[in-house]
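Read through the structure below, which is laid out as structure tokens, and then see the notes.
This is the structure:
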């Protein structure tokens, strides 16, 4: 099957990107600078990401607020207009359908950005749960999304927006004209850095991308591929759906309790989450670090083991969900589901890295926190 | 289409070999390097270890994935690139030079004859 292309595909080719299949999309995994340099550039200056493969949906109409209240673990429906809110969508059993950002425009108008790999599933979920009480409008095919991230990102976007955006608080959004292109600008991102995610019409995307790249030259801006997007989000301990989040784990187990507002609310999945909170968690997603001298990276799917429990499968107590090099923090880092007894910071874990037992240490909080 | 150094021999697993006296120097090709992306760790055998054609002799960890290295020929490891321990990026920067991995003294001369010529390897890559 032919891979889908974003409106920026030709520009990626011109920039020398290496393109890979990502959920049916032909996406840049890296540009000639390479993942490590791209990663460091976002941490020190500014990087530009094409994330147009992500899905965009409007929930609109009189019943929209009630539908959103039912769908979201976080308090999206009651948020002030202009807020961009991170939330989970849960199944009745508390498992996660997706994690996404809702832009509250008004009580009858919500704009949602969903994971590319989940767009079809989420649309079906929205339509099933809306019961016709509001309109579910898929604008993914006509909407491009460009993320501008890094300590120099806000200044760059603000210059191209005539000085209208620097004041926009974190996790809010505004309509803005950037380099002559009509955008919805969210002060959001997936790198742990400050910055914006800019939604615009497909036809305008190449003009916006090129203007940002040109205006960012003095800052040393680079286009950033999906490779660095993954290492950046991991270093900032931001979960990735399909790795760290899925139908089989709840947001509480994933450490996302801050985005689950249970008090006096009846969203889908609230009851099992309430019960889990009351009874306590049996397993939790933790961050771990492997020292540099171990010369090992624990990757998605590797087993966390306790050899005192027996041989083979008997020793398995958990699973690594994400892992990679700690590009800024050194050694290697990752996330794993482990029994709660093993979740405290400083706990020593053993990870079976392709037949070799490697020691790892549980760390709390983000691996990297911006200054 | 990319071109490949003509003074080398190749394997379908994207390794190159260069004759140097009694031993053959082994590395991975630019094609392999390009598909791996930035390399962060290279694990190699020790000097004196024996390797068997087709068996794993080491691993390469890139930012995105881990890949096994398979011995292109059977023999004894007579040298290991010491620089890769601290500077794995040499493989990215100089795949056919400073990014070499090990020197093997082959025990089965016939296995050398089975290695791919540059043309055969170029055709193999083009078909990928």
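Protein chains in written order, with our numbering: chain A, 20 to 390; chain B, 32 to 159.
Every residue gets a Cβ at the ideal spot worked out from N, C-alpha and C, and that includes glycine.
If you're wondering where the values come from, they're calculated on a predicted model, not measured in any experiment.
### Query
For the putative contact between residue 68 (chain A) and residue 248 (chain A), defined by C-beta atoms under 8 Å, what is the C-beta separation to the nearest angstrom?
As a working mapping, residue 68 (chain A) is identified with position 49 in the first chain. As a working mapping, residue 248 (chain A) is identified with position 229 in the first chain. With a contact defined as Cβ atoms closer than 8 Å, residue 68 (chain A) and residue 248 (chain A) qualify at about 6 Å.
### Query
For residue 84 (chain A), which option in A:149, A:40, A:71 has the closest C-alpha, if you only look at C-alpha atoms?
Sequence index remark: in the first chain, residue 84 (chain A) carries index 65 (1-based). Taking only the C-alpha atoms, the option nearest residue 84 (chain A) is A:149.
### Task
Please classify residue 168 (chain A): does DSSP put it in a helix, a strand, or coil?
On the first chain, residue 168 (chain A) is found 149 positions in, with the first residue counted as 1. For residue 168 (chain A), the secondary structure class from DSSP, reduced to helix, strand or coil, is strand.
### Message
Given this structure, state the Cα-to-Cα distance separating residue 63 (chain A) from residue 238 (chain A), to the nearest angstrom.
### Response
Walking along the first chain from the start, residue 63 (chain A) turns up at place 44. Walking along the first chain from the start, residue 238 (chain A) turns up at place 219. One alpha carbon belongs to residue 63 (chain A), the other to residue 238 (chain A), and they sit about 10 Å apart.
### Query
Thinking just about the alpha-carbon of each residue, which of B:118, B:105, B:91 is nearest to the one in residue 99 (chain B)?
Position 68 of the second chain, counting from 1, holds the residue named residue 99 (chain B). The shortest CA-to-CA distance from residue 99 (chain B) to any of B:118, B:105, B:91 is the one to B:91.
### Query
Do you know how far the Cα of residue 59 (chain B) is from the Cα of residue 37 (chain B)?
Taking the second chain and counting its residues from 1, one reaches residue 37 (chain B) at position 6. Taking the second chain and counting its residues from 1, one reaches residue 59 (chain B) at position 28. Near 15 Å, if we compare the C-alpha coordinates of residue 59 (chain B) and residue 37 (chain B).
### Query
On the premise that residue 371 (chain A) lies in contact with residue 324 (chain A), defined as a C-beta separation below 8 Å, what is that separation, rounded to the nearest angstrom?
Counted from its first residue, the first chain places residue 324 (chain A) at position 305. Counted from its first residue, the first chain places residue 371 (chain A) at position 352. That belief holds up - the Cβ atoms of residue 324 (chain A) and residue 371 (chain A) are roughly 5 Å apart, short of 8 Å.
### Query
So what does DSSP say about residue 81 (chain B), is it helix, strand or coil?
Sequence index remark: in the second chain, residue 81 (chain B) carries index 50 (1-based). If DSSP states are grouped into helix, strand and coil, residue 81 (chain B) belongs with the strands.
### Task
State buried or exposed for residue 48 (chain A), treating a residue as buried only when at least 16 other CB atoms are found within 10 Å of its CB.
Translated into the one-based positions of the first chain, residue 48 (chain A) becomes position 29. So residue 48 (chain A) ends up on the buried side.
### Query
Mind checking whether residue 105 (chain B) and residue 148 (chain B) have CB atoms under 7 Å apart?
Walking along the second chain from the start, residue 105 (chain B) turns up at place 74. Walking along the second chain from the start, residue 148 (chain B) turns up at place 117. It is not a contact, given that the beta carbons lie outside the stated cut-off.
### Query
At which residue ranges does the region 310-336 of chain A contain complete beta strand (DSSP E) runs of 3 or more residues, listed in the order of the chain?
If we require 3 residues or more, the beta strand (DSSP E) runs fully inside the region 310-336 of chain A come out as 322-324.
### Message
Tell me the residue span of the alpha helix (DSSP H) that contains residue 140 (chain B).
### Response
Translated into the one-based positions of the second chain, residue 140 (chain B) becomes position 109. Counting along the chain, the unbroken alpha helix (DSSP H) around residue 140 (chain B) starts and ends at 140-144.
### Pairwise C-alpha distance: residue 343 (chain A) and residue 322 (chain A)
In the first chain, residue 322 (chain A) corresponds to position 303, counting from 1. In the first chain, residue 343 (chain A) corresponds to position 324, counting from 1. The straight-line gap from Cα to Cα measures roughly 15 Å.
### Message
Residues of chain A with CB closer than 7 Å to the CB of residue 69 (chain B), please, in chain order.
### Response
Locating residue 69 (chain B) in the second chain gives position 38, where the first residue counts as 1. Within 7 Å Cβ-Cβ: 53, 54, 55.
### Message
Using the three-state DSSP reduction, which class does residue 351 (chain A) fall into: helix, strand or coil?
### Response
In the first chain, counting from the first residue as 1, residue 351 (chain A) sits at position 332. Strand.
### Query
Once you ignore the five residues that flank residue 383 (chain A) on each side, which residues in its own chain have a CB closer than 6 Å to its CB?
Locating residue 383 (chain A) in the first chain gives position 364, counting from the first residue. The answer, listed in chain order, is 364.
### Query
Is the beta carbon of residue 350 (chain A) less than 7 Å from the beta carbon of residue 388 (chain A)?
Locating residue 350 (chain A) in the first chain gives position 331, where the first residue counts as 1. Locating residue 388 (chain A) in the first chain gives position 369, where the first residue counts as 1. The beta carbons of residue 350 (chain A) and residue 388 (chain A) sit no closer together than 7 Å.
### Message
For a test of the three-state rule: what should DSSP assign to residue 32 (chain B), helix, strand or coil?
### Response
Counting from 1 along the second chain, the entry for residue 32 (chain B) is found at position 1. Note that residue 32 (chain B) has pLDDT 45, beneath the 50 cutoff, so the model's placement of it is unreliable and the number below is only indicative. Correct three-state label for residue 32 (chain B): coil.
### Query
Who are the neighbours of residue 246 (chain A) on chain B, taking C-beta pairs under 7 Å?
Position 227 of the first chain, counted from the start, is the residue given in the question as residue 246 (chain A). By Cβ distance, chain B contributes 68, 94, 95.
### Message
Residues of chain C with CB closer than 8 Å to the CB of residue 316 (chain A), please, in chain order.
### Response
Judged by its chain identifiers, the structure shown contains no chain C, and its protein chains are A and B.
### Query
Helix or strand or just coil, what does DSSP make of residue 42 (chain A)?
The residue given as residue 42 (chain A) occupies position 23 in the first chain. Coil.
### Message
Comparing C-alpha positions only, which one of A:222, A:256, A:186 sits nearest to residue 210 (chain A)?
### Response
Against the first chain, residue 210 (chain A) aligns to sequence position 191. For the set A:222, A:256, A:186, the Cα lying nearest the Cα of residue 210 (chain A) is the one of A:256.
### Task
Could you name the residues of the region 290-309 of chain A whose beta carbon sits closer than 7 Å to any beta carbon of chain B, in the order they occur along the chain?
Along the region 290-309 of chain A, there is no position whose C-beta sits under 7 Å from a C-beta of chain B.
### Message
Three Cβ pairs or more, each shorter than 8 Å: is that satisfied between the region 283-295 of chain A and the region 101-117 of chain A?
### Response
Touching, per the Cβ criterion.
#### Entry: Close Cβ partners of residue 68 (chain B) (< 7 Å) along its chain, the five nearest in sequence each way excluded
The count along the second chain starts at 1 and reaches residue 68 (chain B) at position 37. Apart from the 5 residues on each side of it in sequence, residue 68 (chain B) sits with its Cβ closer than 7 Å to the Cβ of 93, 94, 95 in its chain, given in chain order.
### Task
Put residue 154 (chain B) into one of helix, strand or coil per three-state DSSP.
The residue you call residue 154 (chain B) lines up with position 123 of the second chain. Helix, per DSSP.
### Query
Would you call residue 258 (chain A) buried or exposed, if buried means 16 or more other Cβ atoms sit within 10 Å of its Cβ?
Against the first chain, residue 258 (chain A) aligns to sequence position 239. When all chains shown are included, residue 258 (chain A) counts as buried.
### Task
Could you please tell me which residues of the region 101-115 of chain A, in chain order, have their CB closer than 8 Å to any CB of chain B?
Those would be none; no residue qualifies.
### Nearest candidate by alpha-carbon position, reference residue 177 (chain A), set A:198, A:130, A:358
The residue labelled residue 177 (chain A) in the question sits at position 158 within the first chain. Distance check between residue 177 (chain A) and each of A:198, A:130, A:358 places A:198 closest, using alpha-carbon atoms only.
### Query
If you drop the 5 nearest sequence neighbours on each side, which residues of the same chain put their C-beta closer than 7 Å to that of residue 213 (chain A)?
One-based indexing of the first chain puts residue 213 (chain A) at position 194. 170, 172, 173.
### Task
Flag this pair as touching only if the region 142-162 of chain A and the region 30-50 of chain A have three or more C-beta atom pairs under 8 Å; answer yes or no.
Short answer: they don't touch.
#### Entry: Three-pair Cβ contact test at 8 Å for the region 70-81 of chain A versus the region 130-137 of chain A
With a cut-off of 8 Å, the region 130-137 of chain A and the region 70-81 of chain A count as touching, because enough Cβ pairs lie within range.
### Query
Can you pull the DSSP bridge partners for residue 378 (chain A)?
Translated into positions along the first chain, residue 378 (chain A) becomes position 359. The bridge partners DSSP lists for residue 378 (chain A) are A:369.
### Message
For a test of the three-state rule: what should DSSP assign to residue 338 (chain A), helix, strand or coil?
### Response
As a working note, residue 338 (chain A) is residue 319 in the first chain. Residue state, collapsed to three classes: strand.
### Task
Return helix, strand or coil for residue 388 (chain A), following the three-state DSSP convention.
By one-based count along the first chain, residue 388 (chain A) stands at place 369. If DSSP states are grouped into helix, strand and coil, residue 388 (chain A) belongs with coil.
### Query
So which of A:104, A:102, A:137, A:380 has the shortest CA-CA distance to residue 116 (chain A)?
As a position in the first chain, residue 116 (chain A) is number 97, starting the count at 1. Taking only the C-alpha atoms, the option nearest residue 116 (chain A) is A:137.
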